[in-house]
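In my numbering, the protein residues as written are 735 to 886.
Glycine included, every Cβ here is placed at the ideal spot set by N, Cα and C.
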Amino acid sequence: MNGKEREKVTAIELLAAAKEARKNAYAPYSGFFVGAALLAADGEVYGGCNVESVSFTPTCCAERTALCKAVSEGKREFSAIAVVGGGKDGKTGFCPPCGVCRQMLSEFCGRDFRVILSSGDGEGEEVKVFTLGELLPEAFGTEKPFGSEKKK
Ligand code: THU
C-alpha cells in the first residue's frame, strides 16, 4: 500500500467512525445531526456528536465535543478529523466545520491538519479533504497560531 492509498483508508475509516458517532447526536431543536471523528497523533480516534441546549447558545458542535474529549484525556496533537452531518431522514451531506470549530481546532492542530468530508452514504459517495490552513487561513492568535505552541 502506498502513502496515498493508506491516507484514503484512514479517511474512509475516520468517516465510518464519524457516522457511528453521529448516531448519538442530541439535536432536538435543529434536527441536524452531526458526527465527528478526530484522529490523534498516536492513532487513537475520538468520536463526538453535537449536543444541543434549549437555550441554543451553549450548544456544542460535534467537532468540539470530539476535541474536548481528546484534550481532556491528555491528547495535544492531532492529524485529521472527519465530519458528517444531516437531517432526520438519515441522509448525510457535506458538513464543513463552523467558524468556531475551525478556530478551536487551530488551538491544537497545524495548518496541514486534514478535514475530511463526505457527500453522504452509498454509491457515488464523494470525499473531500481540506487542510485546516485552507479552511481558516487567518486564524485569530497571531502569536500562537495553529498549535505552534503545544500546551502541556
Ligand atoms: N453543528 C455541528 O455539530 N458542527 C458544525 O460544524 C456545524 C453545526 C451543529 C450545531 C447544531 O446542533 C446543529 O449542527 C445545527 O447548527
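**Asked** So the beta strand (DSSP E) Gly777 belongs to, where does it begin and stop?
**Response** Element bounds for Gly777: n/a, residue is neither H nor E.
**Asked** Within 6 angstroms: the Cβ of Asn784 and any heavy atom of the ligand THU?
**Response** yes
**Prompt:** Taking the C-alpha atoms as reference points, what is the distance between Asp823 and Arg836?
**Reply:** 27 angstroms
**Status (buried if at least 16 other CB within 10 Å, exposed otherwise) for Lys753** = buried
**Asked** Who are the near neighbours of Thr799 in its chain, counting only those whose CB is closer than 8 angstroms to its CB and skipping five residues on each side?
**Response** Ala770, Gly782, Cys783, Asn784 and Val785
**Prompt:** Can you list, in chain order, the residues of its chain whose CB lies under 8 angstroms from that of Leu749, leaving out five sequence neighbours each side?
**Reply:** Ala771, Ala816, Val818, Ile850, Ser852 and Val861
**Message:** If I measure Cβ to Cβ from Thr744 and keep anything under 6 angstroms in the same chain, skipping five residues before and after, which residues do I get?
**Reply:** none
**Beta carbon of Val863 nearer than 7 angstroms to that of Arg845** = no
**Asked** If you run the structure through DSSP and keep just helix, strand and coil, what is Gly833?
**Response** helix
**Asked** Fully enclosed by the stretch 758–829, which beta strand (DSSP E) runs are 3 residues long or longer?
**Response** 767–774, 779–783 and 812–820
**Request:** Tell me, please, which residues DSSP counts as bridged to Leu851.
**Result:** Val817 and Lys862
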